[in-house]
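Quick notes on the structure that follows.
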C-alpha cells in the first residue's frame, strides 16, 4: 500500500514537472528563445550545415550570382567549410543545380578564437573571405553582439519556433562594413602572397601598380560605406524539443551610390540548414 502511494506521488510530481517545463517554454519571450538557443548551440561539439547564397541586384531583384556551401564542426572549435559550383544539368533551375552540385570551388579551415571564427592565415584570400561570410555560426555570434529587435512569427511549423531578428540600421551597417573591409584586405593579402614568386625587380614594379589600384578600390569602398544604407533581417527556426536551430535565413540589403553617382541596391541572401548527430 505504501509503495503504491509513493509511486502515485512520484508520478504526480513527474507530471507536475513536465507541465511546469512546458509552461516555462511557452512563457519564454522571443529574446529568451534566442538566448536559450545560443546557449544550447554553444554546448554542441559536432554539427553539419548546408546552405545556399545568392546576390540579387537592381529594381527587379534578379539573382545574378548563386552558389552552395557546406560546413562541419568538430571538437567545438574547428570548422571546415567548402563552396560548390552549380551543376549544368538540363531542366534544373539554379537552386536545384546548386543542390545537385558536387564540384568543390573553395575550401577553408576556421578556428574559434573565443570571439570570432578566424580563417587560417595561409588560406586568406578574397575567395575564402567571401565564403566565410556565409558561416551561420559566425552569423549567430554577430546577432548576439548586435543591437537588434527580436519577434516571434506565429506561422511556425509544428514543433518549431521561428524568430524574426532585425538588426538596428547602424548595427547592420557595422557588420557589413566589417565583412567588406575584411574581404578587401584579403584581396591584398592574396596578391602579396602570390608576388613572392616573382623576381625582386619585377615584384617591386608589379606590387607598386597593384597597391595603387587596391588603394583606389579601398577608398571607393570607404566612401560608399560612409553614406550607404543597410538592412539585415534573419529568420531563425528553432526545434522546440532540443532548443537547437534547424534553419536560418538572412537577407542583407544595401543601398549605395556607384562611381557614376547613380543610386543602386543589392541584397545578399543566405539559407542554412543544420544537422546534428549524423
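Numbering (mature numbering (1 follows the signal peptide of the UniProt record, and there is no 0)), first residue to last: -20 to -1, 1 to 258.
We put the beta carbon where it would ideally sit given N, CA and C, even for glycine.
As the structure is a computational prediction, the values presented were derived from the model and not from experiment.
What residue does the alpha helix (DSSP H) around residue i start on, and which one ends it?
i	result
residue 219	Where residue 219 is concerned, there is no enclosing alpha helix (DSSP H), although the beta strand (DSSP E) it sits in stretches over 209 to 219.
residue 136	No alpha helix (DSSP H) contains residue 136, which DSSP labels as neither H nor E.
residue 20	10 to 22
Quick one: what does DSSP say residue i is sitting in, helix, strand or coil?
i	result
residue 60	strand
residue 68	Caution applies to residue 68, whose pLDDT of 44 falls short of 50 and renders its modelled position unreliable; the value that the coordinates give is listed next. Coil at residue 68, not helix or strand.
residue 113	coil
residue 120	helix
residue 231	strand
residue 31	strand
residue 168	helix
residue 186	helix
residue 125	helix
residue 240	coil
residue 103	helix
residue 95	coil
residue 159	helix
residue 224	coil
residue 131	strand
residue 179	coil
residue 197	helix
residue 83	Note on residue 83: pLDDT 48, under 50, position unreliable in the model; the coordinate value appears next. Looking at residue 83 - three-state DSSP - the assignment turns out to be strand.
residue 76	In this predicted model, residue 76 has a pLDDT of only 47, less than 50, meaning its place in the structure is not dependable; the value taken from the coordinates is given anyway. In the structure shown, residue 76 sits in a helix (DSSP, three-state: H, G or I).
Going by CA-CA distance only, name the one from the options that's closest to residue i.
i	options	result
residue 234	144, 163, 152	152
residue 112	124, 99, 123, 253	99
residue 94	88, 118, 102	118
residue 170	101, 97, 144	101
residue 221	255, 139, 161	139
residue 214	38, 88, 252	252
residue 92	14, 143, 20, 56	56
residue 114	37, 208, 230	230
residue 33	103, 110, 217, 89	110
residue 244	226, 227, 204, 180	204
residue 46	36, 53, 237, 52	36
residue 208	241, 179, 250	241
residue 58	122, 97, 236, 85	97
residue 219	123, 162, 49, 142	142
residue 15	60, 121, 116, 63	121
residue 19	223, 106, 173, 90	223
residue 212	250, 239, 180	250
residue 13	174, 191, 247, 216	216
residue 237	200, 226, 248	200
residue 22	9, 247, 225, 246	225
Please report the residue range of the beta strand (DSSP E) in which residue i lies.
i	result
residue 143	140 to 147
residue 251	243 to 255
Comparing the C-beta of residue i with each C-beta of chain B, is any distance below 9 Å?
i	result
residue 153	No chain B is part of this structure, which consists of one protein chain only.
- Message: Quick check: the stretch 135 to 146 against the stretch 184 to 197, are at least 3 beta-carbon pairs closer than 8 Å?
- Response: Of all C-beta pairs linking the stretch 184 to 197 to the stretch 135 to 146, fewer than three are shorter than 8 Å, placing the two stretches out of contact.
- Task: Specify whether the stretch 19 to 30 and the stretch 144 to 164 touch according to this definition: at least 3 beta carbon pairs, one from each stretch, less than 8 Å apart.
- Result: As far as the Cβ criterion goes, the stretch 19 to 30 does not touch the stretch 144 to 164, which means the pair count is below three.
- Query: For the 8 Å Cβ check, are there 3 or more pairs between the stretch 141 to 151 and the stretch 116 to 130?
  - Reply: Touching, yes, given that three or more Cβ pairs across the two stretches are closer than 8 Å.
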